[in-house]
Each structure stands twice: as structure tokens, then as C-alpha cells.
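In what follows, a single structure is set out as C-alpha cells and then discussed.
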Amino acid sequence: DESSEDEAQIMWEEQQIKKAVKISQETYDDASLHKSQPAKSKFDPPVSLPPVNLEIVKKRLTERITSLQDIHHAHQREYEKYMEDIENSKMTVQELEKSSDAALNYKFYRAMKTYVENLINCLNEKLKYINELELAAHVLLQQRAMTVLKRRQDELKNESAYIQHLTSGNDKQTNGGLEDKTQLLEMCEQRRTCRRQVRECSGEADHHEGMSSDDELTPTEVNEFQKSKDNVLEDSRKVFEDVHADFCDIRKILLKFQEWKEKFPDSYREAYISFCLPKLLNPLIRLQLINWNPLEQNFTELEEMPWFRAIEEFSDAKNIPESKKDDDPDGEVLPKVIEKTILPKITAFVKSVWDPLSTSQTKNLVQLCNNIFEKQVLSKNECSRGKEELMDMIVLRMKKSIEEDVFVPLYPKSTVEDKSSLCSKFQERRFWSAVKLFSNVVLFDGIIQEDTVRDLGLSKLLNRYLLLNLLNTPLGPDYIEKCNKVVACLPERWFRDLKSGSTLPELLNFCQHLLQRACMLHKNNHSDETREILLLLVKVKALHIVEDFIEEYELEHLKSMI
């Protein structure tokens, strides 16, 4: 019985539990249903959907593929660009690794800056001494030239006054006394005798009294000049004795700038070094030129000087390609040096030292000018002011010499017929001195403008002085020789482009004079002398005058000379 009650109790409990679980499940389901009903009311399904077919799907897929392909190509190009940048970066890295790094470049520029500053300070320190030595050397040459010029002019005045005193018949002494003048003239005659003996020993035949420059100095004057010159040269050698060669040797200085140009050509060009070098080297070049006198015999040519060769080598550097040499600014360094340093020095020589009556000095000056203006072309980018100043100074100096050094006296024919008389000798010397100056003036043909040379030589010398003497010279061999010498001085170039039968306007008076003398000689039956005069007229292209003369006197056999 107890067992049955226990089983019944257990069954009742199970039934009660099942009832409780069932009621809880129903309550949860009701609550869930209540919560979900409002949510379902929020979503309204579309009333209708567009129709979908295979073409639409295919079209949309095609568009999608095309878009993806475009994006892919863009990415591909970007990838290629990145790869190219990577390659360029690698090459740049390699180039930078091969070249000097930034630290070495900075070190070079800093060292170059320090060197240039020290070089400029050194030259500024020495410039004062260079100027003083250059001035001292120039003053020595100027004083010597002034001594010779003053002595020559004083002797000319004294001799003219002495002869005038003798011809006037006045026995009274003039102010200053005849004795002093006689002594000076004797010294002058002694120098002439010495020069005559030297010419005889050397075999010089084509010379006349009066064609010497008379520039000899006394032994005392020579010794004093040489002693002063040696002192200046000794001082010039001491200017840079306390300076390292890197700061006073032009070749080594240019090597420094050559190194800069080879390593960093862009910065070298941007710094305008080629324009600075002529001024930088100016003091050093002037120091080398202290002993240079281009008017002396056997003077040192510019091409043979150390500074010239150094600059020439620097300008013609072998590592410059031929295609770039024309554009290389260093090619203007040498012309600029000649323009700014050499031409002003030559101009100073012409102004204070050159003697236009000296043929040797004049030939040396002409040779130097031809060498500079023809071989060493001046700067191509500007008009040469230095050349113009030199030409103007040469013309000015020749005008001054014509005014002060030329004196051709005229004496009565009866006085000069005796070739041994003082009047005749003095007149002949003065004529040949003027002829010498005339020949020196025409040497500048081709250097100075032709109109200027013709004005100086023909208008101011021939027509004003020489022709007057020829008018006063008796017919004979001396007269023919004088005319031949005058015509021989005339440059042939002047007569090349003349119109047929005409001569230069400046030679018309000279030609008319020759025609008159030819008529006189023909009337006196001097056929050989007449022929020589006509030949002179032919040389100066006065052909109409010769033709008229031959026709007038019926000299048919002379037509062949025309």
C-alpha cells in the first residue's frame, strides 16, 4: 500500500510540473507574437519590380568589366611610372656616389674663397710698390727722351742763329755769345763725324746728312741712366720675394681657376671669372713689363713673355671641345688683357718716349701695332677704346713733331750754290731730316686712316716744306735724287684705285712742279733727266700730264712708259 501511494504521489507531481511548463510556454508565445506584430507593419513591400532579362544582365556585366579594366590600366600606368622613378633614383644615386659628395664640394668652394680673398689682399698690398716702380722706370725713359729732344732743338736754334749771324755780316756777339754756340756746334759736328764713320764701316750707302736722329748720349749720361734702371729692376725683383708662388706666379694662379672650371663649369661661368681675370692679373703683368721698351731695338715680343704664354695656354685648354671653344668666355681673357693693360702702356710710350724722327723707333712701333691689331684680335664684343686712344696719340705726336722739329730754311741761290758752304750744308740737312719724318709718317699707312696719313704726310710736310726746298734746288743730280726719294716714300696702295690718268689731289702741286722742271730740262736738251721726271709722274699716276707733255713736244718714243 505504501508503495502504491508513493507511485501515485510521484505521478501527481509530474502532472503538475507538465501543467506549469505548458502554461509558461503559452505565455512566452503570446508575448513574442505581440511584439512582432507592430514591426511587420513598418515594411511595405514594393508594389512592382522591373522586369529582368538576359540582355540587361549581360549589359550590366559588360559595363562592370569595362570599368574594372580601366581601373586596371590606370593602376598599370601608375605602376610603370613608379618603376621608372625607381630606376631614375637608382641612377641618380649611382651618379652621386661617383661624384664628390656635398661635404667635399663645400670644402672646395670654401678653399677657393679663402684663396681668392688672400690673393686679392696680397695684390692690393703690393699694388702701391708696383705703381711706384712702373712710374720710376717710365720717368727714366721720358727724361732720356726729353734730353735728346731738347738738345736737338737747342742745336737747331743755335745753328740757325749762328748761320744767320755770319750771313748778316754783323761781327757783334749776340746775347749768350757766339763762343758758346760755336762750342755746341762743334760737339754736334763731332757726333756727326762719329756716325759717318760708323756708316762707312757698315757699308750703309743710302744715307744723307740730317737723316740721323742724333740721339746719342754722353758716357756719363749713359752710366747714370743704366745705374738708375738697374736699381729699379732690382727693386722690382724684391716685390714678391716674401710671397708664395701660388699668389704671384700667373701660371699657378690660372691653374687654380682652371681646376674650378673643370670641376664645376656652371658655377665658374655664373661667377664671371673670365671677366675678372684681366683685372686680377693686371698688377702681375705690369710688373713683368717694367723692363719692356717696345721702341728699342731687339725688344722682347709679347708672345715670348711668360705671362702671355700662360694666358694663351689657359685660353686654349685642351679639354675644351672644338665645338664649344667659340662660346668659351676664357677665349676673351687674352684680348681683354691686351686691351686693358698693353695698349695703355704703349700709348704712354708714344706720348712721352717715342721720337717720330727716329726711324728705328717708328718701325718698331709700326711692327708692334701690326702684331697686335692683326694677329692678336681685340675683343669681338666691344669697340676697342684703347686702340682709338693709341691711334689718336700717334697722330697728335706726329703733328707736334712736324710743328716743332721741321725747319727747312731758304737761302738765296747764290748762297747755296757752293755745296761746301755752311748755308748749303745746313739747308740740305734740314731737308733730309724732313724727308726722314715724311717717310716715318707714311709707315703708318694701313694702321691709321689713309686720309689722316695723307694729310700729315702730303699736306703738312710735302706741300708745306719739301716742295719749297725743291723749288729752290737747282736742276741736277741732287734734284733728281730728292724727287726720287720723295716719290719712293709714297705707298703704292694709294694709287691702285685711282681713275685713269688722275693722281691724288694732294699731289697736284708736286706734279705741276715736276712738269715745269721737265719742260726746262727738255728745252736744255737733257733727255735722260727729262725721262726720269716723266717716270716719276707715271709712278704717281699723273698720266694725263705725261700724255699732254709727250704730245706737246712730239716725243713719240716715250709713249711706251705710260
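The sequence shown begins at 6 in the numbering used here and counts up one residue at a time. By construction, the Cβ of each residue, glycine as well, lies at the ideal position given by its N, Cα and C atoms.
- Task: Provide the residue span of the alpha helix (DSSP H) that contains I452, from first to last.
- Result: Translated into the one-based positions of the sequence shown, residue 452 becomes position 447. For I452, there is no enclosing alpha helix (DSSP H), as DSSP gives it neither H nor E.
- Task: Identify whether K323 lies in helix, strand or coil by the three-state DSSP scheme.
- Result: The residue you call residue 323 lines up with position 318 of the sequence shown. Reliability of the predicted coordinates at K323 is poor, the pLDDT of 48 falling under 50, and no value is obtained from them.
- Task: Measure the C-alpha to C-alpha separation of N58 and D75 and round it to an integer number of angstroms.
- Result: Taking the first residue of the sequence shown as 1, we reach residue 58 at position 53. Taking the first residue of the sequence shown as 1, we reach residue 75 at position 70. About 27 Å.
- the segment 474-488 touching the segment 397-408, judged by at least three CB pairs closer than 8 Å: No, the segment 474-488 does not touch the segment 397-408.
- Message: Short of 7 Å in beta carbon distance, which residues of its chain neighbour C570, apart from the five on each side in sequence? Order them along the chain.
- Response: Outside the modelled stretch of the chain, which goes from 6 to 567, sits residue 570, for which no answer is possible.
- Message: Strictly under 7 Å for the Cβ-Cβ distance: is A108 near chain D by that measure?
- Response: Absent here is chain D; the protein component of the structure consists of one chain.
- Any idea if W265 is buried or exposed, counting beta-carbon neighbours within 10 angstroms, 16 or more meaning buried? Numbered from its first residue, the sequence shown carries residue 265 at position 260. Burial call: buried.
- Query: Does the beta-carbon distance from T352 to E393 come in below 7 Å?
  - Reply: In the sequence shown, counting from the first residue as 1, residue 352 sits at position 347. In the sequence shown, counting from the first residue as 1, residue 393 sits at position 388. In terms of Cβ geometry, T352 and E393 do not form a close pair [threshold 7 Å].
- Query: From M117 to L285, what distance separates their C-alpha atoms?
  - Reply: Along the sequence shown, read from residue 1 onward, the residue named residue 117 stands at position 112. Along the sequence shown, read from residue 1 onward, the residue named residue 285 stands at position 280. Taking the Cα positions, M117 is about 15 Å away from L285.
- Tell me, to the nearest whole angstrom, how far the beta carbon of K131 is from that of F245; I am working on the premise that it is less than 8 Å. What you label residue 131 is simply residue 126 of the sequence shown in a count that begins at 1. What you label residue 245 is simply residue 240 of the sequence shown in a count that begins at 1. Contact between K131 and F245 holds: CB atoms are separated by about 7 Å, below the 8 Å threshold.
- Query: Taking Cβ positions, are K243 and A250 nearer each other than 7 Å?
  - Reply: Residue mapping note: residue 243 aligns to position 238 of the sequence shown, counting from 1. Residue mapping note: residue 250 aligns to position 245 of the sequence shown, counting from 1. Contact annotation: K243 and A250 have beta-carbon atoms that are not nearer than 7 Å.
- Item | Which of helix, strand or coil DSSP assigns to L362 | Position 357 of the sequence shown, counted from the first residue, corresponds to residue 362. Three-state result, L362: coil.
- Check R156 in the structure and name its three-state DSSP category. As a first step, residue 156 is located in the sequence shown; it is residue number 151 there, counting from the start. The answer is helix: DSSP assigns R156 an H, G or I state.
- Is R65 buried or exposed, if buried means 16 or more other CB atoms sit within 10 Å of its CB? In the sequence shown, residue 65 corresponds to position 60, counting from 1. R65 is exposed by the Cβ-count criterion.
- Anticipated Cβ contact below 8 Å, L415 with N477, distance rounded: Residue mapping note: residue 415 aligns to position 410 of the sequence shown, counting from 1. Residue mapping note: residue 477 aligns to position 472 of the sequence shown, counting from 1. Correct: roughly 6 Å between the Cβ atoms.
- Query: Can you give the Cα-Cα distance for F48 and V62, rounded to whole angstroms?
  - Reply: In the sequence shown, residue 48 corresponds to position 43, counting from 1. In the sequence shown, residue 62 corresponds to position 57, counting from 1. Only weak support exists for where F48 lies, its pLDDT of 49 falling under 50; the value from the coordinates is given anyway. Cα to Cα, the separation comes out at about 28 Å.
- Inter-stretch contact at 8 Å, needing at least 3 Cβ pairs: the segment 517-536 / the segment 500-508: These segments do not touch.
- Task: Only counting runs of 4 or more residues, tell me where the alpha helix (DSSP H) segments fall wholly within the segment 461-509, in order along the chain.
- Result: Counting only runs of at least 4 residues, the segment 461-509 fully encloses the following alpha helix (DSSP H) elements, listed from N- to C-terminal order: 472-476, 482-494.
- Query: Are I295 and L145 closer than 7 Å when you measure CB to CB?
  - Reply: Locating residue 295 in the sequence shown gives position 290, counting from the first residue. Locating residue 145 in the sequence shown gives position 140, counting from the first residue. It is not a contact, given that the beta carbons lie outside the stated cut-off.
- Quick one: give me the first and last residue of the alpha helix (DSSP H) that M398 is part of. Here residue 398 refers to the residue found at position 393 of the sequence shown. From DSSP, the alpha helix (DSSP H) with M398 extends over 390-410.
- Query: Is the Cβ-Cβ distance between Y470 and V411 less than 7 Å?
  - Reply: Position 465 of the sequence shown holds residue 470. Position 406 of the sequence shown holds residue 411. The beta carbons of Y470 and V411 sit closer together than 7 Å.
- Query: Can you list the alpha helix (DSSP H) stretches of 4 or more residues lying completely in the segment 219-273, in chain order?
  - Reply: Look at the segment 219-273 and you find these whole runs of alpha helix (DSSP H), each 4 residues long or longer: 224-242, 255-268.
- Message: At the level of alpha carbons, what is the spacing between K323 and A108?
- Response: Numbered from its first residue, the sequence shown carries residue 323 at position 318. Numbered from its first residue, the sequence shown carries residue 108 at position 103. Reliability of the predicted coordinates at K323 is poor, the pLDDT of 48 falling under 50, and the value obtained from them is presented with this limitation in mind. Taken atom to atom, the span from the alpha-carbon of K323 to that of A108 is near 29 Å.
- Cα separation between N303 and R291? Residue numbering aside, residue 303 sits at position 298 when the sequence shown is read from its first letter. Residue numbering aside, residue 291 sits at position 286 when the sequence shown is read from its first letter. Rounded to whole angstroms, the gap between the alpha carbons of N303 and R291 is 20 Å.
- Message: Tell me which residues share the same chain as C253 and place their Cβ nearer than 6 Å to its Cβ, disregarding the 5 neighbours each side in the sequence.
- Response: The sequence position of residue 253 within the sequence shown is 248, counting from 1. The answer, listed in chain order, is F245.
- Task: Please classify L145: does DSSP put it in a helix, a strand, or coil?
- Result: Along the sequence shown, one-based indexing puts residue 145 at 140. DSSP places L145 in the helix class (H, G or I) of the three-state scheme.
- Task: Determine the DSSP secondary structure at Y84, reduced to helix, strand or coil.
- Result: Start at 1 with the first residue of the sequence shown, and residue 84 comes out as number 79. Three-state DSSP puts Y84 in a helix.
- Task: Determine the extent of the alpha helix (DSSP H) in which K528 is found, giving its start and end residues.
- Result: To locate residue 528, count along the sequence shown from 1; it is residue 523. In the DSSP assignment, K528 falls within the alpha helix (DSSP H) that extends over 513-528.
- Task: Measure the Cβ-Cβ separation of V338 and L282 and say whether it is below 7 Å.
- Result: The count along the sequence shown starts at 1 and reaches residue 338 at position 333. The count along the sequence shown starts at 1 and reaches residue 282 at position 277. Closer than 7 Å, so yes.
- Item | Inter-residue Cα distance where the pair is K86 and K341 | Indexing the sequence shown from 1 puts residue 86 at position 81. Indexing the sequence shown from 1 puts residue 341 at position 336. So the two alpha carbons sit approximately 52 Å from each other.
- Task: To the nearest angstrom, report how far apart A44 and Q14 are at their CA atoms.
- Result: In the sequence shown, residue 44 corresponds to position 39, counting from 1. In the sequence shown, residue 14 corresponds to position 9, counting from 1. Note that A44 has pLDDT 47, beneath the 50 cutoff, so the model's placement of it is unreliable and no number is given.
- Of all the options A547, W499, A166, which has the alpha carbon lying nearest to the alpha carbon of N514? Translated into the one-based positions of the sequence shown, residue 514 becomes position 509. Ranking the options by Cα distance to N514, first place goes to A547.
- Message: Taking the straight line between their C-alpha atoms, what separation do you get for F262 and R115?
- Response: Counting from 1 along the sequence shown, the entry for residue 262 is found at position 257. Counting from 1 along the sequence shown, the entry for residue 115 is found at position 110. So the alpha carbons of these two residues sit roughly 14 Å apart.
- Item | Minimum C-alpha distance to L124 - residue among D533, V355, L259 | Walking along the sequence shown from the start, residue 124 turns up at place 119. Per the Cα distances, L259.
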